[in-house]
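Enquirer: Quick note on UniProt numbering: the sequence shown kicks off at 1 and runs consecutively.
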Amino acid sequence: MLIISDKAHVSALADIEDSVRGTRIFIDDGAMIDSFVKIKPAGGTGDVQIGSNSYINSGTVIYSGNGVWIGSGVLIAANCTLAPVNHEYRSSSLPIIEQRFMPSKGGIVIEDDVWIGAGTVILDGAFLRKGCVVGAQSLIKGELEPYSINVGVPSRRIGYRQ
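1) Just list the beta strand (DSSP E) runs in the region 111-143, keeping only unbroken ones of 3 residues or longer that don't cross its boundaries, in chain order.
2) Compare the Cα-Cα distances from L139 to each of N66, N79 and A14 and report the closest residue.
3) What are the start and end residues of the beta strand (DSSP E) that includes I97?
4) For T45, I'd like the list of residues in its chain whose CB is within less than 7 angstroms of its CB, leaving aside the five on either flank, ordered along the chain.
5) Have a look at D6 and P146 and give me their C-alpha separation to the nearest angstrom.
6) What is the DSSP secondary structure of A83, counted as helix, strand or coil?
7) Given V153, which residues of its chain have a CB within under 7 angstroms of its CB, disregarding the five upstream and five downstream residues?
8) Quick one: complete beta strand (DSSP E) runs, 3+ long, within the region 30-59?
Right under this line is the structure:
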């Protein structure tokens with residue numbers, strides 16, 4: 001079920017799939033969903049909630065999985081992935097595709113006033129507290145403190161000095 005505020009802006013080039021399992025997708029007042037954003041109910045029956053005045057930029061993919069809750073005033077840069085679900089893989093006697101999914105780690109919660117840099121991947125169980133900043137190309141799978149700055153470690157390359 002898609003519930004999109006008439007005061008939200010969803011690009012005609014965004015791809016928001018309706019669920020066949022009952023997942024609900026809510027997009028609140030003032031939210032902006034850019035072109036080439038994909039919201040896909042997959043891997044569970046969790047809902048997706050995008051809060052007021054939040055911006056989801058081009059190329060971002062949000063899977064419903066065990067649920068995604070995005071607060072108000074959240075900025076998600078281009079090409080991020082929110083994946084609140086994990087494939088089961090521990091049985092060597094079954095192909096991974098037949099093992100379905102692991103139990104939920106709580107979905108993804110992003111509190112108000114968070115900025116997520118381009119190319120970030122956020123996994124099941126992530127909890128981003130109010131006001132935190134996530135650097136580009138980060139991998140988030142746990143809790144980030146409120147008003148903290150979280151940056152990834154730069155890659156090592158020839159000629160790079162620390």
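Where is the CB? At the ideal position from N, CA and C, for every residue including glycine. Bear in mind the structure is a predicted one, so any value in this text is a computation, not a measurement.
Expert: Let's see:
1) 121-123
2) On the sequence shown, position 139 is the one that residue 139 refers to. For L139, the nearest C-alpha among the options comes from N79.
3) Sequence index remark: in the sequence shown, residue 97 carries index 97 (1-based). It is not in any beta strand (DSSP E) - I97 carries neither H nor E in the DSSP assignment.
4) The residue given as residue 45 occupies position 45 in the sequence shown. Same-chain partners within the cutoff: R21, G22 and T23.
5) Taking the first residue of the sequence shown as position 1, residue 6 is located at position 6. Taking the first residue of the sequence shown as position 1, residue 146 is located at position 146. The alpha-carbon atoms of D6 and P146 are separated by roughly 31 angstroms.
6) As a first step, residue 83 is located in the sequence shown; it is residue number 83 there, counting from the start. Strand at A83.
7) Translated into the one-based positions of the sequence shown, residue 153 becomes position 153. Interpretation of V153 is limited by its pLDDT of 49, a score under 50 that renders its predicted location unreliable; no figure is taken from the coordinates.
8) 38-40 and 48-50
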